[in-house]
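Numbering (my numbering), first residue to last: 13 to 297.
In what follows, a single structure is set out as structure tokens and then discussed.
Pasting the structure below:
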């Protein structure tokens, strides 16, 4: 299969959040963005695909070698082959790819995090490296975009892990800090249930509030002049906000049901958000 087609099938099927984030991104960024998202998916899905951490480590090492091949100009995997033009055109940093692999290594090594400080390291390596690559594609290279990438990456990772809290717990991994679980009176065993107890709903709301705070911080960093080129990431943030609001409407019953926006609503949010960012950047110019 042609490398870019593989990437689109992997992470951006029609109607998905990434599909619309790409659809309204600048034309000259689209191929690079889908390749970056596909790399993130290939790597971060490894812990969900294997039951033996040793097998996961073997897969991770293969990807470490593949990143080296990518930067040597001899990629083998369709995702790496799709990334090759992006690496050259946008000067994507190699260490962002290896950081993402290090984050996945934490998935294989750790089942929990004592406090938020330790969890921040994980979020920085997985989501932060993704957002760093997305902003590198935008090409501004400003301090503002670096701060935007950090906070966006934190938010994207925390939201993703909040939505998959029960599935992660079934795999022996919990991404809510242990001290916050204890303070809320929620045990790891509670996260395996089929009904969300009141204490867990309160805890999940607090986690969602943290995601909102990082999203607010992320957008506050960007000057209006840079918003249009970063609109793909801003669209992802807007879609996450809407998803969090849907969870809040039902008071976070995350152990018994999943949440997903309809394709039509995703389209509306993405279109509206893209227009807002373009308008702000035009006014700033």
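Positions of the beta carbon are idealized from the N, C-alpha and C atoms, including for glycine.
In this structure, residue 246 sits away from residue 274, with a CB-CB distance that is not shorter than 8 Å. The segment 74 to 92 makes no contact with the segment 131 to 144, as fewer than three CB pairs between them are under 8 Å. Closest option to residue 258, judged by alpha-carbon separation, among 108, 158, 171, 40: 171.
With a threshold of 16 other beta carbon atoms within 10 Å, residue 238 meets it and is buried. Taking C-beta atoms as the reference points, residue 242 and residue 234 count as a pair closer than 8 Å.
In the pairwise beta carbon analysis, the segment 88 to 95 is classified as not touching the segment 198 to 214: fewer than three pairs are separated by under 8 Å.
No Cβ-Cβ contact shorter than 8 Å links residue 150 with residue 105.
For residue 269, no alpha helix (DSSP H) run applies, since DSSP gives it neither H nor E. Annotated three-state conformation of residue 176 is coil, per DSSP. In terms of Cα proximity to residue 103, the closest of 125, 41, 188 is 41. Counting only the Cα atoms, residue 200 lies some 11 Å from residue 180. About 5 Å separates the beta carbon of residue 32 from that of residue 278, a gap short enough to meet the 8 Å contact definition.
Straight across, the Cα-Cα distance linking residue 282 with residue 244 is about 9 Å. Secondary structure at residue 13: coil, using DSSP grouped into helix, strand and coil. Apart from sequence neighbours up to five positions away, the residues of its chain that approach residue 230 with a beta-carbon distance below 7 Å are 160, 163, 164, 167, 249, ordered along the chain. Annotated three-state conformation of residue 108 is helix, per DSSP.
In this chain, the alpha helix (DSSP H) harbouring residue 275 covers 275 to 296. Cβ-Cβ separation between residue 82 and residue 94: approximately 10 Å, too far for a contact (criterion under 8 Å). Fully enclosed alpha helix (DSSP H) runs of no fewer than 4 residues occupy 141 to 150 of the segment 137 to 171, in order along the chain. The C-alpha of residue 116 is placed about 18 Å away from the C-alpha of residue 47. With a threshold of 16 other beta carbon atoms within 10 Å, residue 177 meets it and is buried. Nearest to residue 19 by C-alpha distance, out of 51, 26, 146, 255, is 51. The three-state secondary structure of residue 30, taken from DSSP, is helix. Across the structure, residue 287 and residue 202 are spaced so that their CA atoms are roughly 43 Å apart. Counting only runs that start and end inside the segment 36 to 78, there is no beta strand (DSSP E) element of at least 3 residues. Proximity to residue 272 across 13, 15, 22, 27 peaks at 27, based on C-alpha coordinates.
Non-local beta-carbon contacts of residue 255 in its own chain, meaning distances under 8 Å to residues more than five positions away in sequence, involve 171, 175, 271, 272, 273 in chain order.
Looking at 267, 155, 14, 187, the one whose alpha-carbon comes closest to that of residue 232 is 155. No Cβ-Cβ contact shorter than 8 Å links residue 120 with residue 189.
About 6 Å separates the Cβ atoms of residue 267 and residue 205, confirming a contact at the 8 Å cut-off.
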